[in-house]
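Let me begin by presenting the structure, written as structure tokens, before commenting on it.
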Amino acid sequence: MTTQQSLILHLNDEQQTVALGQHLAGLLVPPLVIYLTGELGAGKTTFSRGLIQGLGHKGNVKSPTYTLVEPYELAHVDVYHFDLYRLSSAEELEYMGIRDYFNDRSVCIVEWPERGIGCLPPADIQLHIKYVNTEREVVISACSDSGRMLLEKLQNDA
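First residue of the sequence shown? That's 2 in this note's numbering, and the numbers climb one at a time after it.
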């Protein structure tokens with residue numbers, strides 16, 4: 002069993018949240034499952050935009066609130082951005098073939114993962130984003146060996 006390691010970062014604004022996603026994109030190696038937690042408006046989709054664009058997507062990154070998943074098929078990685086906020090039942094994920102998204106070539110970003118319990122694979126890394134005064138506090142926790150390697154790279158860059 003692996004122990005969980007964490008890093009706490011303070012971000013001043015939306016640009017720093019995007020920059021964190023872009024920086025993490027340069028460090029990660031697929032396959033990877035990222036859970037994003039935090040209140041509505043905390044910055045989960047903002048972080049996702051930075052990560053997805055950092056992996057090479059040109060153009061807008063929209064929230065998949067109504068579609069549940071937005072795919073981004075890039076040259077070296079398939080990125081699947083899930084937003085489970087409007088999910089009425091975790092069983093809906095089985096009907097959409099959720100397991101097919103999690104493969105050796107994918108980076109899966111899951112907002113509101115607690116709504117998909119029982120149907121989602123465990124996270125490699127989890128980011129919990131919350132407001133503290135006017136800043137965002139991001140707690141990044143490694144939940145697997147690959148998540149721990151990613152967190153160590155991030156800590157070495159800090």
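Where is the CB? At the ideal position from N, CA and C, for every residue including glycine.
Checklist entry - Can you give the beta carbon distance from G117 to L94, rounded, assuming they're within the 8 Å contact cut? => result 5 Å
With H, G and I counted as helix, E and B as strand and the rest as coil, what does DSSP make of P114? helix
Taking V70 as the reference, give the member of E136, H58, L88 and I141 with the closest Cα. L88
Taking DSSP as the reference, what is the three-state secondary structure of T3? Annotation note: pLDDT 46 at T3 (below 50); position unreliable, no value reported.
For L56, does the count of other Cβ atoms within 10 angstroms reach 16, so buried, or fall short, so exposed? buried
query = Where does D14 sit, in a helix, a strand or coil, going by DSSP?
reply = coil
query = S147 lies in the alpha helix (DSSP H); which residues open and close that run?
reply = D146 to D158
### Task
Alpha carbon to alpha carbon, how far is L21 from E74? Give it in angstroms, no decimals.
21 Å
Expected contact under 8 Å - CB spacing of S35 and V140 to nearest Å:
Ser is not the amino acid found at residue 35; the sequence shown has Ile there. No, I35 and V140 are not in contact; Cβ-Cβ is about 13 Å, not under 8 Å.
Requested in this report: Identify, in the order they occur along the chain, each residue of the same chain with its Cβ nearer than 8 Å to the Cβ of T46, setting aside the five sequence neighbours on each side.
Outcome: V62, S64, D84 and E112
Subject >> Length of the line joining the Cα atoms of D101 and D14 >> reply: 35 Å
- Query: Anyone know if the C-beta pair for A43 and K131 falls short of 9 Å?
  - Reply: yes
Taking the CB atoms as reference points, tell me whether C109 and L28 lie closer together than 9 Å.
no
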